[in-house]
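Engineer: Could you have a look at this structure, given as structure tokens, before my questions?
Protein chains: 2
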Amino acid sequence: MIVALAGGVGGARLAVGLTQVLSARDLAIVVNTGDDFEHLGLTICPDLDTVVYTLAGVNNATNGWGRADETWSCMQTLAALDGETWFKIGDRDLALNLMRTEALRRRTPLSQVTRTLAEKLGVHHRVLPMSETPVRTRVRTPDGELEFQDYFVRLRCEPPVLGFRFTGARTARVPRELQKLMASANIEAVVVCPSNPYVSVAPILSVPAVRTWLRTRSFPIIGVAPIVGGAALKGPAAKMMRELGAEVSALGVVRHYGKLVDGWVIDRADASLRTEIESAGRRVVVTDTVMRDRAGSKRLARDVVKFARSLAKARAG
Amino acid sequence: MIVALAGGVGGARLAVGLTQVLSARDLAIVVNTGDDFEHLGLTICPDLDTVVYTLAGVNNATNGWGRADETWSCMQTLAALDGETWFKIGDRDLALNLMRTEALRRRTPLSQVTRTLAEKLGVHHRVLPMSETPVRTRVRTPDGELEFQDYFVRLRCEPPVLGFRFTGARTARVPRELQKLMASANIEAVVVCPSNPYVSVAPILSVPAVRTWLRTRSFPIIGVAPIVGGAALKGPAAKMMRELGAEVSALGVVRHYGKLVDGWVIDRADASLRTEIESAGRRVVVTDTVMRDRAGSKRLARDVVKFARSLAKARAG
Numbered sequence: 001m002i003v004a005l006a007g008g009v010g011g012a013r014l015a016v017g018l019t020q021v022l023s024a025r026d027l028a029i030v031v032n033t034g035d036d037f038e039h040l041g042l043t044i045c046p047d048l049d050t051v052v053y054t055l056a057g058v059n060n061a062t063n064g065w066g067r068a069d070e071t072w073s074c075m076q077t078l079a080a081l082d083g084e085t086w087f088k089i090g091d092r093d094l095a096l097n098l099m100r101t102e103a104l105r106r107r108t109p110l111s112q113v114t115r116t117l118a119e120k121l122g123v124h125h126r127v128l129p130m131s132e133t134p135v136r137t138r139v140r141t142p143d144g145e146l147e148f149q150d151y152f153v154r155l156r157c158e159p160p161v162l163g164f165r166f167t168g169a170r171t172a173r174v175p176r177e178l179q180k181l182m183a184s185a186n187i188e189a190v191v192v193c194p195s196n197p198y199v200s201v202a203p204i205l206s207v208p209a210v211r212t213w214l215r216t217r218s219f220p221i222i223g224v225a226p227i228v229g230g231a232a233l234k235g236p237a238a239k240m241m242r243e244l245g246a247e248v249s250a251l252g253v254v255r256h257y258g259k260l261v262d263g264w265v266i267d268r269a270d271a272s273l274r275t276e277i278e279s280a281g282r283r284v285v286v287t288d289t290v291m292r293d294r295a296g297s298k299r300l301a302r303d304v305v306k307f308a309r310s311l312a313k314a315r316a317g
Numbered sequence: 318m319i320v321a322l323a324g325g326v327g328g329a330r331l332a333v334g335l336t337q338v339l340s341a342r343d344l345a346i347v348v349n350t351g352d353d354f355e356h357l358g359l360t361i362c363p364d365l366d367t368v369v370y371t372l373a374g375v376n377n378a379t380n381g382w383g384r385a386d387e388t389w390s391c392m393q394t395l396a397a398l399d400g401e402t403w404f405k406i407g408d409r410d411l412a413l414n415l416m417r418t419e420a421l422r423r424r425t426p427l428s429q430v431t432r433t434l435a436e437k438l439g440v441h442h443r444v445l446p447m448s449e450t451p452v453r454t455r456v457r458t459p460d461g462e463l464e465f466q467d468y469f470v471r472l473r474c475e476p477p478v479l480g481f482r483f484t485g486a487r488t489a490r491v492p493r494e495l496q497k498l499m500a501s502a503n504i505e506a507v508v509v510c511p512s513n514p515y516v517s518v519a520p521i522l523s524v525p526a527v528r529t530w531l532r533t534r535s536f537p538i539i540g541v542a543p544i545v546g547g548a549a550l551k552g553p554a555a556k557m558m559r560e561l562g563a564e565v566s567a568l569g570v571v572r573h574y575g576k577l578v579d580g581w582v583i584d585r586a587d588a589s590l591r592t593e594i595e596s597a598g599r600r601v602v603v604t605d606t607v608m609r610d611r612a613g614s615k616r617l618a619r620d621v622v623k624f625a626r627s628l629a630k631a632r633a634g
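Those protein sequences? They're chains A and B, same order as listed.
For the first sequence, the numbering used here assigns the number 1 to the initial residue and increments by one for each residue that follows.
For the second sequence, the numbering used here assigns the number 318 to the initial residue and increments by one for each residue that follows.
In structure tokens form, the structure reads like this:
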């Protein structure tokens, strides 16, 4: 059993690969909910939806969010009515958001809502929110603290970041299924997907039960570096690293995670960093980490799983 | 100042006429909210929306609800996700419903939400919900009591009706603007639009303040018969009359309202009923009451206003 920790696009792409090489029994994808928010009366879960839509093959790969086969009548009409349109939700995407919000209002746990909707979309691998209860990423900037989507969408990541806070993390209620996973002896490895370390992976790690589980583990943790050739493939990870004084490279990422991650998968573009990462006590695999299509996702996932199992075997042996 | 009491399609069509012959200062349209309901987490107000959309010229005249320039992606996706689709809401219609629901959640009164949205749609005549607080029509049937939309949409008006109940009516909070109207000495007449007597007009009359106001009035009340040639132009009015043992004719409608309505506008098809209605002490105007387009609405509205003013003058004189 392999557990992947995922944010949005990068996480979703590796998840697509992992679902191709691992059965539904052998994989669980734990997804960041720190960028969830309430908008237009809806509970919006951008990373959960990106993962589910991507696994279902209905995602919009160009935008990195929402659905490919989308229409925009509701948003156009909101605009005509002077409603809030800074956060775009397509008409089809609205259906899922309406159903989720209604189910949550009836006290169905987020994990169960997610599973039901994922199954309707043909996704049978487990996609688990990191928390049933709201955990919200807040971004510290020189002008004060911002809600994540204010920072991310409305302000297009323009304000420099000073740090992050995850409200609700301390009291987060971990889904029962994730609790069971964490109590299980059958975890071969945890994979940190190539997602933003600060706003995709850190919120997951901010949940105390998850952090404790990973700190006291007997299995290896494998990371796929989200920085390739000194840049992020998508999103503000590189900008954030720069603003926080980190080296914008796979090495910077390795240092960020420290001893939490045992082995790193880095891109061929960063092969020259291998020695330095290894000298810091981490194991390294160099491969193509840029996933351009399902086949690319599958190739990387195969490398990741192979690497994870070799580290697990080394530990056991 | 003329006040019109309106339900859905028929009311909306006469309202379109009245807005053509009366200035925004001289007309207020009080709309039934008895068929409002909560669905998919949204507060849906079918009659208010039919009136506003019709006044704005964006209504779907074929369906009698929703917008003409509509798309259905959200509903299609709800269907694919096994969501509730028995009540159809188009993608553009959703925008208004999302904005209204969000505004109500923030404790904006329904009358103010309605005015704001109507104005965005270019409607400047006053459209007032009969109540700020929920009043809900319930339909008594041999199999028990049904929520109105369950009866009306889900069961397509099939169950025979035994009667109606309007929960919340006794404690209904009348919009401040309607309160002011009711306290005003400037009301020339009230017009009962050709709407369903039982489920469009009765809910309005079930609000105690409205009922008292009309019973103790010094102005005339004019009705436009919603039954033409023994049939309803739209909706279950005729079926309901039959099931409740009323004569399915303009005369049946006249009897239903009794002394509340002073003068009736009936269709040429029902000219033969004039004498009997007059012998019951009511004044009658015979004209074309079937409004096929804006011009037809305007012609009828002109006849109605003229009739109303003549009765008002007769009272004053």
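A virtual CB, placed ideally from N, CA and C, is assigned to each residue, including glycine.
Please confirm if Lys120/A has its CB atom under 8 Å from at least one CB of chain B.
Structural biologist: As a position in the first sequence, residue 120/A is number 120, starting the count at 1. Output row for Lys120/A: interface = yes.
Engineer: Give, in chain order, every residue of the stretch 57-79 of chain A whose Cβ lies closer than 7 Å to some Cβ of chain B.
Structural biologist: Taking 7 Å as the Cβ-Cβ cut-off against chain B, the residues of the stretch 57-79 of chain A that qualify are Thr71, Ser73, Cys74, Thr77, Leu78.
Engineer: At 4 residues or longer, what runs of the alpha helix (DSSP H) sit wholly inside the stretch 108-168 of chain A?
Structural biologist: List check, alpha helix (DSSP H) in window: 110-120.
Engineer: Asp605/B versus chain A: which residues are under 8 Å apart at the beta carbon?
Structural biologist: In the second sequence, residue 605/B corresponds to position 288, counting from 1. Residues of chain A passing the Cβ test: none, with the nearest at roughly 35 Å.
Engineer: Counting contacts by CB-CB distance shorter than 8 Å, is Arg409/B in contact with chain A?
Structural biologist: Working through the second sequence from its first residue, we reach residue 409/B at position 92. Closer than 8 Å: yes.
Engineer: If Ala542/B sits next to Val582/B, beta carbons under 8 Å apart, how far is it from one beta carbon to the other, in whole angstroms?
Structural biologist: As a first step, residue 542/B must be located in the second sequence, where it is residue number 225. As a first step, residue 582/B must be located in the second sequence, where it is residue number 265. That belief holds up - the Cβ atoms of Ala542/B and Val582/B are roughly 7 Å apart, short of 8 Å.
Engineer: So with CB distances below 8 Å, who are the chain B contacts of Glu102/A?
Structural biologist: Reading the first sequence from its first residue, position 102 is the one you call residue 102/A. Correct list: Leu357, Gly358.
Engineer: For Met392/B, which of Met75/A, Leu96/A, Asp143/A, Leu78/A has the nearest alpha-carbon?
Structural biologist: As a working mapping, residue 392/B is identified with position 75 in the second sequence. The option with the nearest alpha carbon to Met392/B is Leu96/A.
Engineer: Taking all protein chains shown into account, decide if Asp386/B is buried (16 or more other Cβ within 10 angstroms of its Cβ) or exposed.
Structural biologist: Stepping through the second sequence from its first residue, residue 386/B is reached at position 69. By the 10 Å Cβ count, Asp386/B comes out exposed.
Engineer: Which chain B residues sit within Cβ distance under 7 Å of Ala95/A?
Structural biologist: Within the first sequence, residue 95/A is the residue found at index 95, counting from 1. Ordered by position in chain B, the residues that pass the 7 Å Cβ test against Ala95/A are Cys391, Thr394, Leu395, Leu398, Gly400.
Engineer: Among all the DSSP beta bridges, which residues are the ones paired with Leu344/B?
Structural biologist: As a first step, residue 344/B is located in the second sequence; it is residue number 27 there, counting from the start. Ile319/B, per the DSSP bridge assignment.
Engineer: Among the residues of its own chain, which have a CB less than 8 Å from the CB of Met499/B, if the five just before and after it don't count?
Structural biologist: Translated into positions along the second sequence, residue 499/B becomes position 182. Val491, Ala526, Val527, Trp530.
Engineer: Measure from the C-beta of Arg105/A to each C-beta in chain B and report whether the shortest distance is under 8 Å.
Structural biologist: For the purposes of this step, residue 105/A is identified with residue 105 of the first sequence, where counting begins at 1. It does; some Cβ of chain B falls within 8 Å.
Engineer: Here's the rule: buried if 16 or more other CB atoms are within 10 angstroms of the residue's CB, otherwise exposed. What is Asn505/B?
Structural biologist: Indexing the second sequence from 1 puts residue 505/B at position 188. Going by the sequence as given, residue 505/B is Glu instead of Asn. That one is buried.
Engineer: Report all residues from its chain with a CB closer than 7 Å to the CB of Leu411/B; omit the five preceding and five following residues, and keep chain order.
Structural biologist: Looking up residue 411/B in the second sequence gives position 94. Cβ neighbours of Leu411/B beyond the five flanking positions: Cys391.
Engineer: Give me, in chain order, the residues of the same chain whose beta-carbon lies closer than 6 Å to that of Ala237/A; leave out the 5 immediate sequence neighbours on both sides.
Structural biologist: Numbered from 1 along the first sequence, position 237 holds the residue referred to as residue 237/A. If we look at Ala237/A and ignore the five residues flanking it on each side, its Cβ neighbours are Asn196, Pro226.
Engineer: Out of Val9/A, Gly17/A, Leu233/A, Asp303/A, which one is the CA nearest neighbour of Val286/A?
Structural biologist: Here residue 286/A is taken as the residue at index 286 of the first sequence, counted from 1. Comparing Cα positions, the closest option is Asp303/A.
Engineer: Could you please give the first and the last residue of the uninterrupted alpha helix (DSSP H) stretch that includes Phe624/B?
Structural biologist: Against the second sequence, residue 624/B aligns to sequence position 307. Here the alpha helix (DSSP H) through Phe624/B covers 611-633.
Engineer: Identify the contact partners of Leu117/A in chain B, using a Cβ-Cβ distance below 9 Å as the criterion.
Structural biologist: Position 117 of the first sequence, counting from 1, holds the residue named residue 117/A. The answer, in chain order, is Leu398.
Engineer: Suppose you measure from the CA of Arg126/A to the CA of Ala4/A; what does that come to, to the nearest Å?
Structural biologist: In the first sequence, counting from the first residue as 1, residue 126/A sits at position 126. In the first sequence, counting from the first residue as 1, residue 4/A sits at position 4. The alpha-carbon atoms of Arg126/A and Ala4/A are separated by roughly 10 Å.
Engineer: Please classify Gly546/B: is it buried, with 16 or more other beta-carbons within 10 angstroms of its beta-carbon, or exposed?
Structural biologist: Position 229 of the second sequence holds residue 546/B. So Gly546/B counts as exposed.
Engineer: Quick check for students: name the residue ranges of the beta strand (DSSP E) that lie wholly in the stretch 197-239 of chain A, counting only runs of 3 or more.
Structural biologist: Qualifying beta strand (DSSP E) stretches, in chain order: 221-224.
Engineer: Please state the DSSP three-state secondary structure of Ala250/A.
Structural biologist: Here residue 250/A corresponds to residue number 250 of the first sequence, with the count starting at 1. Helix at Ala250/A.
Engineer: Counting along the chain, where does the alpha helix (DSSP H) carrying Asp408/B start and finish?
Structural biologist: Looking up residue 408/B in the second sequence gives position 91. Run containing Asp408/B: 408-422, per the alpha helix (DSSP H) assignment.
Engineer: Please name the residue or residues paired with Asp35/A in a DSSP beta bridge.
Structural biologist: Stepping through the first sequence from its first residue, residue 35/A is reached at position 35. None; Asp35/A has no bridge partner.
Engineer: Following the continuous beta strand (DSSP E) through Leu367/A, name the residue where it begins and the one where it ends.
Structural biologist: For residue 367/A there is no data in the structure shown, the boundaries of chain A being 1 and 317.
Engineer: Going by C-alpha distance, which of Glu38/A, Thr62/A, Leu162/A is nearest Leu104/A?
Structural biologist: Against the first sequence, residue 104/A aligns to sequence position 104. Of Glu38/A, Thr62/A, Leu162/A, the residue nearest in Cα terms is Glu38/A.
Engineer: For the beta strand (DSSP E) containing Ile583/B, list its first residue and its last residue.
Structural biologist: Position 266 of the second sequence holds residue 583/B. First-last of the beta strand (DSSP E) with Ile583/B: 580-584.
Engineer: By the criterion of Cβ-Cβ separation under 8 Å, what are the contact partners of Met416/B in chain A?
Structural biologist: Looking up residue 416/B in the second sequence gives position 99. Residues of chain A passing the Cβ test: Leu40, Leu78, Leu81, Gly83.
Engineer: Compute the Euclidean distance between the alpha carbons of Leu146/A and Val139/A, then round it to the nearest angstrom.
Structural biologist: Mapped onto the first sequence, residue 146/A falls at position 146. Mapped onto the first sequence, residue 139/A falls at position 139. C-alpha separation (whole angstroms): 5 Å.
Engineer: Rounding to the nearest angstrom, what Cα-Cα distance links Asn503/B and Ala118/A in this structure?
Structural biologist: To locate residue 503/B, count along the second sequence from 1; it is residue 186. To locate residue 118/A, count along the first sequence from 1; it is residue 118. So the alpha carbons of these two residues sit roughly 60 Å apart.
Engineer: According to DSSP, is Val52/A part of a helix, a strand, or is it coil?
Structural biologist: Stepping through the first sequence from its first residue, residue 52/A is reached at position 52. Helix.
Engineer: Report yes or no: do the stretch 6-15 of chain A and the stretch 43-58 of chain A share at least 3 C-beta pairs separated by less than 8 Å?
Structural biologist: Contact between the stretch 6-15 of chain A and the stretch 43-58 of chain A is present, because at least three Cβ pairs lie under 8 Å.
Engineer: Ignore the nearest five residues each way along the sequence and tell me which others in Glu595/B's own chain have a CB closer than 6 Å to its CB.
Structural biologist: Position 278 of the second sequence, counted from the first residue, corresponds to residue 595/B. Hits under 6 Å: Val601.
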